[in-house]
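Taking it in order: structure first as structure tokens, then the write-up.
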Amino acid sequence: MVYCIGHNIISPLGEDTQSNVKAVQSGHSGLKIYTDRFADVEPFCASLFATPQQFVPLCTRCAETAIRQSGIQGDSNDVIFILSTTKGDNLDLLTPALSIARHFGNPNSPIVVSNACTSGVCAQITAKRLLEAGLYKHAVVIGCDIQTRFIVSGFQAFKALSPEPCLPFSPERKGLNLGEAAATIVYTAEPHEGWRLEAGSIHNDANHLSAPSRTGEGAFRCLQDVTEGIQPHSISLLGVHGTATSYNDAMETVALERAGLQNVPISALKPFYGHTMGAAGVLETIIGMQLVQKGTFIKMLSGFGGVNAAIQLRCE
Amino acid sequence: MLNGEPVTVQETGDKMLVELYRRYAGNYPKFFKMDTLSRLGFIAAEILLGQPADQGQPQVQTVILANRSASIKNDTDYQATISDGKYYPSPALFVYTLPNIVTGEIAIRHHIQGETAFYILDKEEELAPIIHSTPFEAALTGWCECSKPNRFYAKLQIIWNN
Chain A
1 MVYCIGHNII
11 SPLGEDTQSN
21 VKAVQSGHSG
31 LKIYTDRFAD
41 VEPFCASLFA
51 TPQQFVPLCT
61 RCAETAIRQS
71 GIQGDSNDVI
81 FILSTTKGDN
91 LDLLTPALSI
101 ARHFGNPNSP
111 IVVSNACTSG
121 VCAQITAKRL
131 LEAGLYKHAV
141 VIGCDIQTRF
151 IVSGFQAFKA
161 LSPEPCLPFS
171 PERKGLNLGE
181 AAATIVYTAE
191 PHEGWRLEAG
201 SIHNDANHLS
211 APSRTGEGAF
221 RCLQDVTEGI
231 QPHSISLLGV
241 HGTATSYNDA
251 METVALERAG
261 LQNVPISALK
271 PFYGHTMGAA
281 GVLETIIGMQ
291 LVQKGTFIKM
301 LSGFGGVNAA
311 IQLRCE
Chain B
1 MLNGEPVTVQ
11 ETGDKMLVEL
21 YRRYAGNYPK
31 FFKMDTLSRL
41 GFIAAEILLG
51 QPADQGQPQV
61 QTVILANRSA
71 SIKNDTDYQA
81 TISDGKYYPS
91 PALFVYTLPN
101 IVTGEIAIRH
111 HIQGETAFYI
121 LDKEEELAPI
131 IHSTPFEAAL
141 TGWCECSKPN
151 RFYAKLQIIW
161 NN
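Chains as they are written, first to last, in our numbering: chain A, 1 to 316; chain B, 1 to 162.
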């Protein structure tokens, strides 16, 4: 078990966790229509920073606040930096991670988790395992992606984007919106009051590269693993992926029902942030923890490559 | 090299992967849709998982791979479809612009429904602590890299936790 001792979010909705939570609670959305942000791409709806951000400074600015809050020393040998991203800094994933660790004077080689849309949850699972194995005392998990012509053109080619703000789990849903954000959680192995990461699980559907299994196989197995020994009524909130693509939301519905969780309250944050890719698992975990004051919070994600991941967090 | 013994091949570069595909697999046309990184991991997995298993050893249900350069070779190929005024973004290439797609290809081929994960690391030896802290009975693990056309390197192994 590992303990959350610091967190921060920088997104188009706010410069820290509290301003983001307040924006979500007030129903503010970062989603807008963009007609000329990138050359050639068709108009698209996304949640983007008003001023385009650079990847590394965005990550370090986000992590600085979380690290300060946690009281750990970023330059300590006991600290590992784990970066969750899908496209990094203009397709380069390793160099930005090295720059971020160097910025904080950290002596350990950082780890980049690149497991498609599940990366942010997988990175937290990696942190938990490394801390529990006694390899480090603290882990700084940073999730970040910024949108580019590369990504938007690809999702348009896939016909996965909704031309208007997304509608997760609605019969009218038309696809996803992309988004950009950075989010950081600091975990420690030392017992601490507040939120703790109890369990994590990753499973592949072994079915299709770009579409989830119709039976929700991987997602179901993840949910089964992280809810073992827990009564569904004791789960306060389940943060679904809820991309608002036809297949994802249908698959999640099947997986939730198979896991006996159909009556658990769920939250889908994509209408506020869009799909922030590598940041999603970290950002949506922080918002979930803030929305639930006490109890159990489950966060699930699914992504390209057929991979699914879920974690269970608890605050008593 | 296979189990420390050299494997003889006639071809080099991408053609070598096709040669190995014909020798060790040959009945999986989806191979030809894959990018080089996926072909490389697919072939290595095909060779290793096709080896006669020791009695009583559990089946591989976990895939943990890593490299330095993510999916940069295929990313560059996709980039070419949206560059120089020739804007025809290819969904077939875009799907391979994530390094973990190779773990998905292996999972589909071998019906692996356990954990699949891809890490980007500075050095090969940094994968060991990640593998050792991951729970599994039998895992296909290792380094799988394709940084440029015809430039690739894979070193995969099966690890059993008894």
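Glycine included, C-beta positions come from ideal geometry on N, C-alpha and C.
So residue i and residue j are in contact, right, with Cβ under 8 Å, and what is the actual spacing, rounded?
i: A/K299; j: A/G288; result: 6 Å
i: B/A45; j: B/H110; result: 7 Å
i: A/S201; j: A/A309; result: 7 Å
i: B/F118; j: B/A154; result: In fact, because the Cβ distance is near 13 Å, the residues do not count as touching under 8 Å.
i: B/I106; j: B/G41; result: 6 Å
i: B/V9; j: B/L20; result: 7 Å
i: A/H264; j: A/L238; result: A small fix is needed here, since residue 264 of chain A is Val in this sequence, not His. Going by Cβ atoms, the distance from A/V264 to A/L238 rounds to 5 Å, so yes, they are a contact pair.
i: B/Y24; j: B/I47; result: 5 Å
i: A/A133; j: B/S133; result: 4 Å
Quick one: residues in its chain with C-beta nearer than 8 Å to the C-beta of residue i, no 5 flanking neighbours on either side, listed in chain order?
i: A/K32; result: C45, A46, S47, L48
i: A/Q156; result: V41, E42, F44
i: A/R173; result: S162, C166, L167, A244, T245, S246, D249
How is the beta strand (DSSP E) around residue i delimited, first residue to last?
i: B/Y24; result: Here B/Y24 belongs to no beta strand (DSSP E); instead the alpha helix (DSSP H) covers 13 to 24.
i: A/L269; result: Taken as a continuous stretch (DSSP letters only), A/L269 belongs to no beta strand (DSSP E), as it is neither H nor E.
i: A/H203; result: 196 to 204
i: A/I111; result: 111 to 113
i: A/R314; result: 307 to 315
Look at the Cβ atom of residue i, then the Cβ atom of residue j, and state whether they are nearer than 8 Å.
i: A/Y136; j: A/V2; result: no
i: A/N177; j: A/L167; result: no
i: A/R314; j: A/R129; result: no
i: A/L13; j: A/F272; result: yes
i: A/A181; j: A/I67; result: no
i: B/P99; j: A/S153; result: no
i: A/V282; j: A/T184; result: yes
i: A/H138; j: A/D225; result: no
i: A/L94; j: B/D77; result: no
i: B/A138; j: B/P52; result: no
i: A/N219; j: A/I142; result: Sequence check: residue 219 of chain A is Ala here, not Asn. The answer is no: Cβ separation not under 8 Å.
i: A/I286; j: A/H7; result: yes
i: A/H241; j: A/S170; result: no
i: A/T253; j: A/H275; result: no
i: B/G104; j: A/N204; result: yes
i: B/I166; j: A/A255; result: The structure shown does not extend to residue 166 of chain B, since chain B is modelled only from 1 to 162, so the question has no answer here.
i: A/T17; j: A/G278; result: no
i: A/R149; j: B/I82; result: yes
i: B/L156; j: B/C144; result: yes
i: A/P232; j: A/G194; result: no
Give a yes or no on whether 8 Å exceeds the smallest Cβ distance from residue i to chain A.
i: B/D122; result: yes
i: B/E126; result: yes
i: B/D75; result: yes
i: B/R23; result: no
i: B/V95; result: yes
i: B/T36; result: no
i: B/Y153; result: no
i: B/N100; result: yes
How would you write the range of the alpha helix (DSSP H) that residue i sits in, first residue to last?
i: B/N74; result: 72 to 80
i: A/H138; result: Note, A/H138: premise wrong, no alpha helix (DSSP H); beta strand (DSSP E) at 138 to 145.
i: B/N161; result: Note, B/N161: premise wrong, no alpha helix (DSSP H); not H, not E.
i: A/R149; result: 149 to 157
i: A/L131; result: 119 to 132
i: A/C45; result: Counting along the chain, A/C45 falls outside any alpha helix (DSSP H), though it belongs to the beta strand (DSSP E) covering 44 to 47.
i: A/F55; result: 55 to 70
i: A/S99; result: 94 to 103
Leaving aside the five residues before and after residue i along the sequence, list all residues of the same chain whose C-beta is less than 6 Å from its C-beta, in chain order.
i: A/I111; result: I82
So with Cβ pairs under 8 Å, would you call residue i a contact of chain B?
i: A/C144; result: no
i: A/E217; result: yes
i: A/G306; result: yes
i: A/F104; result: no
i: A/F150; result: yes
i: A/H203; result: yes
i: A/F55; result: no
i: A/F44; result: no
i: A/N77; result: no
i: A/C315; result: no
i: A/G154; result: yes
i: A/C4; result: no
i: A/S111; result: It is worth fixing the name first, because residue 111 of chain A is Ile in this sequence and not Ser. For A/I111, the answer is yes, since a Cβ of chain B falls inside 8 Å of its Cβ.
i: A/D36; result: no
i: A/N263; result: no
i: A/L94; result: yes
i: A/T276; result: no
Between residue i and the ligand PLP, is there a pair consisting of the residue's CB and a ligand heavy atom that are separated by less than 7 Å?
i: A/V113; result: Judged by which ligands are present, the structure shown has none, so any question about the ligand PLP falls away.
Short of 7 Å in beta carbon distance, which residues of its chain neighbour residue i, apart from the five on each side in sequence? Order them along the chain.
i: B/D14; result: T36, N150
i: B/I112; result: V60, Q61, V63, I106
i: A/G105; result: G74, D75
Residues, ordered as in the chain, of the region 121 to 140 of chain A that lie near chain E by beta-carbon distance below 8 Å:
Going by chain labels, chain E is absent from the structure shown, which instead holds the protein chains A and B.
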